[in-house]
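Numbering (this note's numbering), first residue to last: 34 to 143.
Don't be surprised by glycine CBs; every beta carbon is placed ideally from N, CA and C.
Nothing here was measured: the structure is a model prediction, and the numbers come from that model.
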Amino acid sequence: MEHYEKAKELFYRVAKREVEVMVSEGIIMECYFVLLKFYKWDKNRLIDKLEKILKMKNVFCNEKYILLKALEILKVKNIDFIDALLCAKSKALGYKILSFDKDIEKCLNN
């Protein structure tokens, strides 16, 4: 509960624009995994919350646009976060992806 309270206070301050924060794609991916798998959050609720955090003006991320695209993909595809992230990078940056994972093929072919 101690971590929850610290995080809650930090995001309260972020929402009030008292502080700026930097997050990485790894942090967003970890939050997604932990909240979905261990805390059994509803996937759509979780995606909504992560999108709201990323869209805050004082939340900085090197690949914010790509993370938001990955979250959009997760809304409609039943694939892992990393597959959605790779798919978003492929589409946004023109990367070619070689994968033997059938889930990523679902995303790349659409």
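Starting from residue i, trace the alpha helix (DSSP H) in both directions and tell me its first and last residue.
i    : result
R78  : K76 to L87
G59  : E58 to F66
Y128 : Note, Y128: premise wrong, no alpha helix (DSSP H); not H, not E.
Y45  : E35 to A48
Among residues of its own chain, excluding the 5 on either side of residue i, which ones have a beta-carbon nearer than 7 Å to its beta-carbon?
i    : result
D116 : D134, D136, I137 and C140
I106 : A117, C120, A121 and C140
E96  : E58
Can you tell which of the options has its C-alpha closest to the C-alpha of residue i?
i    : options                 : result
V52  : A40, Y98 and E63        : A40
Y32  : K49, E38, A125 and K82  : Because the chain here runs from 34 to 143, residue 32 falls outside it and cannot be looked at.
L87  : S132, L131, Y37 and F44 : F44
E84  : Y98, K73, L69 and N111  : Y98
A48  : W74, E63, S57 and N91   : N91
E58  : L100, L69, Y72 and W74  : L100
K108 : I61, R78 and I60        : R78
Tell me which residues share the same chain as residue i and place their Cβ nearer than 6 Å to its Cβ, disregarding the 5 neighbours each side in the sequence.
i    : result
A103 : A117, L118 and A121
With a threshold of 8 Å on Cβ separation, who are the neighbours of residue i within its own chain once the five nearest residues in sequence on each side are excluded?
i   : result
V54 : L43, V47, N91, V92 and F93
Which partner residues of residue i appear in the DSSP bridge assignment?
i   : result
V54 : V92
Practice task
Kindly provide the ranges of any alpha helix (DSSP H) runs that are 4 or more residues long and lie completely inside the stretch 94-143, ordered along the chain.
Solution key: Counting only runs of 4 or more, we get 97-109, 114-126 and 135-141.
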